[in-house]
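Residue numbers (this note's numbering): 285 to 554.
If you want it as structure tokens, here you go:
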């Protein structure tokens, strides 16, 4: 498999495990990270043998967010022309957003397994994932406010749909830390595990359950959930009716029915 600088990918059966791999830098998101995310999630999307992706951090942390050295470099590239500066910043922000759009738009479910720091840009990342799980000591913070800026890579757009508007505002305005149990209470994470090893084991178990389902049905389910978030109920119902007009003719349906009747697990094609 392709060698990456900031990320590492391993395929275990039908599960792709994506590791943010800069442990010496608390997995801060450097220049390479943003392009590699797009590349890797394009690969996950295209590769039929991959049915689920898990994203976690190597070493002691999930990620401490955007690498400040990268921000400093961008600041150094500013000119005297305010219009040209604005255009450059805007283009750069859209480029960073594309890395997490790739996660959200990936046809396969993406699960975040969080331990240690999950700060700033890392919150933007997990907000784009399908589900989130964490250790009790995981440390979440929308830190951008303490950098004198508004979060701009997806947190403010996606997080209200996950934890609700009021809670998201509290975290975004204060930048305060939230740990595992509180994160579970507010619905930021689905479940809390004692330590990193049990977290990875638990998340891989959930990923395995999803990987055993019809990949076509999982694909449709993710697409509908994503579409319905941004559309009316009527739009969503209309879309699923059209979608399933084709998908209900799939072989997977017959396989699933037969398996259900015979109480044996179904084996679905990639």
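Virtual Cβ for every residue (Gly too), placed ideally from N, Cα, C.
Query                                                                                                                                                                               : Result
When DSSP builds the beta bridges, which residues end up paired with residue 424?                                                                                                   : 402 and 462
From which residue to which residue does the alpha helix (DSSP H) around residue 292 run?                                                                                           : Segment 291–296 is the beta strand (DSSP E) holding residue 292; no alpha helix (DSSP H) there.
What is the rounded straight-line gap between the Cα of residue 456 and the Cα of residue 550?                                                                                      : 45 Å
Kindly indicate which residue of 375, 460 and 413 has the alpha-carbon position closest to the one of residue 389.                                                                  : 413
Measure from the alpha carbon of residue 296 to the alpha carbon of each residue in 337, 471, 520 and 503, then state which is nearest.                                             : 337
Measure the beta-carbon distance from residue 429 to residue 439 and round it to whole angstroms, keeping in mind my assumption that it falls under 8 Å.                            : Contact flag wrong, Cβ pair sits at about 11 Å.
Contact defined as beta carbons within less than 8 Å: I believe residue 376 pairs with residue 358. What is the distance between those atoms, to the nearest angstrom?              : 6 Å
Just verifying my parser: in three-state terms, what is the DSSP assignment at residue 515?                                                                                         : coil
Contact defined as beta carbons within less than 8 Å: I believe residue 326 pairs with residue 392. What is the distance between those atoms, to the nearest angstrom?              : Their Cβ separation, rounded to whole angstroms, is 12 Å, which puts residue 326 and residue 392 out of contact at 8 Å.
In whole angstroms, what is the alpha-carbon distance linking residue 348 and residue 462?                                                                                          : 14 Å
By the three-class DSSP mapping on this structure, what secondary structure does residue 355 have?                                                                                  : helix
List the endpoints of the continuous beta strand (DSSP E) containing residue 299.                                                                                                   : 299–304
Give me, in chain order, the residues of the same chain whose beta-carbon lies closer than 7 Å to that of residue 362; leave out the 5 immediate sequence neighbours on both sides. : 369
In whole angstroms, what is the alpha-carbon distance linking residue 346 and residue 450?                                                                                          : 26 Å
Tell me the residue span of the beta strand (DSSP E) that contains residue 431.                                                                                                     : Neither: residue 431 is in no beta strand (DSSP E) and is coded neither H nor E.
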